[in-house]
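If you're matching positions, the sequence shown starts at 2 in this note's numbering and goes up one per residue. Heads up, the beta-carbon is just placed ideally off N, CA and C, and yes, glycines get one too. No experiment lies behind these values; they were computed from the predicted model shown. What follows is a set of notes on a single structure, which appears directly below.
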Amino acid sequence: MEISDPKNIQQIIEAVFLKTKVQLKQKDGSSILVSSIRYQNEKLFVKLSEPTKPEKERVLISNLGKIFLLTTNFESVDNSGIECLSPTLLKVISLENETGKQLLKHKFSLKDIHVSNIIGQNDVKKFLNDDEIKKIIKSNSFRLVHLFHKYKIFIHERHDERMRLMHHYEQPIFLPNFEDRTSVPDGFVPHFGFARVIDLDYLIADGILSEICIPIIYRKYTLIGYVQVQHQSVLDLNSFNLVSLVASSIRKEISDYTNFEESREICNVSHFNQSEITFTHTNNKHFTRIFATGEICILDLILPTGKLTIRIRVNKIEPSDKGFLVHCIYYNLSLKQLSIIEENLEHLDS
Numbered sequence: 002m003e004i005s006d007p008k009n010i011q012q013i014i015e016a017v018f019l020k021t022k023v024q025l026k027q028k029d030g031s032s033i034l035v036s037s038i039r040y041q042n043e044k045l046f047v048k049l050s051e052p053t054k055p056e057k058e059r060v061l062i063s064n065l066g067k068i069f070l071l072t073t074n075f076e077s078v079d080n081s082g083i084e085c086l087s088p089t090l091l092k093v094i095s096l097e098n099e100t101g102k103q104l105l106k107h108k109f110s111l112k113d114i115h116v117s118n119i120i121g122q123n124d125v126k127k128f129l130n131d132d133e134i135k136k137i138i139k140s141n142s143f144r145l146v147h148l149f150h151k152y153k154i155f156i157h158e159r160h161d162e163r164m165r166l167m168h169h170y171e172q173p174i175f176l177p178n179f180e181d182r183t184s185v186p187d188g189f190v191p192h193f194g195f196a197r198v199i200d201l202d203y204l205i206a207d208g209i210l211s212e213i214c215i216p217i218i219y220r221k222y223t224l225i226g227y228v229q230v231q232h233q234s235v236l237d238l239n240s241f242n243l244v245s246l247v248a249s250s251i252r253k254e255i256s257d258y259t260n261f262e263e264s265r266e267i268c269n270v271s272h273f274n275q276s277e278i279t280f281t282h283t284n285n286k287h288f289t290r291i292f293a294t295g296e297i298c299i300l301d302l303i304l305p306t307g308k309l310t311i312r313i314r315v316n317k318i319e320p321s322d323k324g325f326l327v328h329c330i331y332y333n334l335s336l337k338q339l340s341i342i343e344e345n346l347e348h349l350d351s
């Protein structure tokens, strides 16, 4: 739920933000505690527990059974470090995890938290030519063969024009009718963006009138390919949904595939907070292959409420009696991911 009316925002600020713990979310996904806060003349005056570089937009977070995200514009800061912020938008997020289940209402310990399914983000491309990936492509191709004039399942370590388009716009391609620029619905690569890169005249001369292209994203983070269909007549949303199902199936099969680059070890967690996590990994072939200081990894954070796929940056590695301690900071968490972590921390027995 989003609230933009200033009077309603003021009521929630007074009822929630002035009475609960408040944190500032930074662009890197980490959080800083707000040590003092007051509201006056439609402005928020806050002081942070540690200095940070002022940004044009500040997002404040509070938790009171739901996550409250208050977007503000930075106005000024005085000599004592008190920032003046102008509230612009308030979002309220229900506390659900990625599986949609309600989060736990009782305490748990670090023993209930684990890390697994770890892969270096730059290593994803290394297994895309495996025979198992080729089998996945072949088995799913049969679902398209009699439905469209042309089809292709493209998995590759290098981005082609369509992958670059979808990466740039962060949207799939759906052109129901090449000859009608207004036919592209909202939420898709725009007609002009597609036509700037792809030769529509060539496609039309070849008898093609429409195209659907659905990205295949490995574990929600790395674009590795797409499912593409082209047709000689106008396509509709039913066709788009069908192609989306094929892409979803491929995405799941590739994510579930036990590739050589990925560690499936269940790692114990020894430290867990709003911005950092530390876990133990044994010294094996995966450890030496994946972990290095500064490396960005994709992993599954296994919480009592379910699995949360996130990215981390390795900050430090040090030996321990059971292997190596891997100290990490979260990398570009979404607001939803942050809210899930925040709620779990509320139930972590310290």
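Express the C-alpha separation of residue 324 and residue 182 in angstroms, rounding to a whole number.
59 Å
Per DSSP, residue 142 forms a beta bridge with which residues?
According to DSSP, residue 142 bridges with nothing at all.
Label residue 167 either buried or exposed according to how many other C-beta atoms from any shown protein chain fall within 10 Å of its C-beta, with 16 as the threshold for buried.
buried
For residue 130, does the count of other Cβ atoms within 10 angstroms reach 16, so buried, or fall short, so exposed?
With fewer than 16 other Cβ atoms within 10 Å, it is exposed.
Measuring CA to CA, which of 240, 59 and 217 is closest to residue 249?
217
Excluding the five sequence neighbours on either side, which residues of its own chain have a C-beta within less than 8 Å of the C-beta of residue 113, listed in chain order?
304 and 305
So which of 25, 145 and 86 has the shortest CA-CA distance to residue 228?
Checking every option, the nearest Cα to that of residue 228 belongs to 145.
Let me know the secondary structure DSSP gives residue 221 once reduced to three states.
coil
Coil, strand or helix - residue 194 by DSSP:
helix
Would residue 101 be called buried (16 or more neighbouring beta carbons within 10 Å of its own) or exposed?
In this prediction, residue 101 scores a pLDDT of 45, lower than 50, which makes its location untrustworthy; the coordinate-derived value is nonetheless stated afterwards. That one is exposed.
DSSP three-state assignment for residue 128, whether helix, strand or coil
helix
Consult DSSP for residue 68 and reduce its assignment to one of helix, strand or coil.
strand
Residue 91 and residue 154 look like a contact to me (Cβ under 8 Å); what is the Cβ gap, rounded to whole Å?
Not quite, the Cβ-Cβ distance comes to about 43 Å (not below 8 Å), so this is no contact.
Under 8 Å between C-beta atoms of residue 64 and residue 262:
It is not a contact, given that the beta carbons lie outside the stated cut-off.
If you draw a straight line from the C-alpha of residue 254 to the C-alpha of residue 215, how long is it?
16 Å
If we ignore side chains and look at the alpha-carbon of each, how far apart do residue 87 and residue 79 end up?
15 Å
Counting pairs of Cβ atoms below 8 Å between the region 325-340 and the region 132-149, do you hit three or more?
no
Would you mind stating whether residue 273 and residue 349 have Cβ atoms separated by less than 8 Å?
yes
By the 10 Å Cβ neighbour count, where 16 or more other Cβ atoms means buried, how is residue 231 classified, buried or exposed?
Buried.
Where does residue 279 land, buried or exposed, given buried means 16+ other C-beta within 10 angstroms?
Buried, by the Cβ-count rule.
How is residue 199 classed by DSSP in three states: helix, strand or coil?
coil
Rounded straight-line distance, which links the Cα of residue 37 to that of residue 137:
Approximately 55 Å between the Cα atoms of the pair.
DSSP three-state call for residue 150: helix, strand or coil?
coil
Would you report the Cα separation of residue 202 and residue 179, rounded to the nearest angstrom?
9 Å
Taking contact to mean at least 3 C-beta pairs separated by less than 8 Å, is the region 284-298 in contact with the region 325-334?
yes
So, for residue 40: in the same chain, excluding its five sequence neighbours on each side, which residues have a beta-carbon less than 6 Å away from its beta-carbon?
14
Considering only the alpha carbon of each residue, which of 205, 334 and 320 lies closest to residue 312?
Cα-wise, what sits closest to residue 312 is 334.
How would you write the range of the beta strand (DSSP E) that residue 122 sits in, first residue to last?
Counting along the chain, residue 122 falls outside any beta strand (DSSP E), and DSSP gives it neither H nor E.
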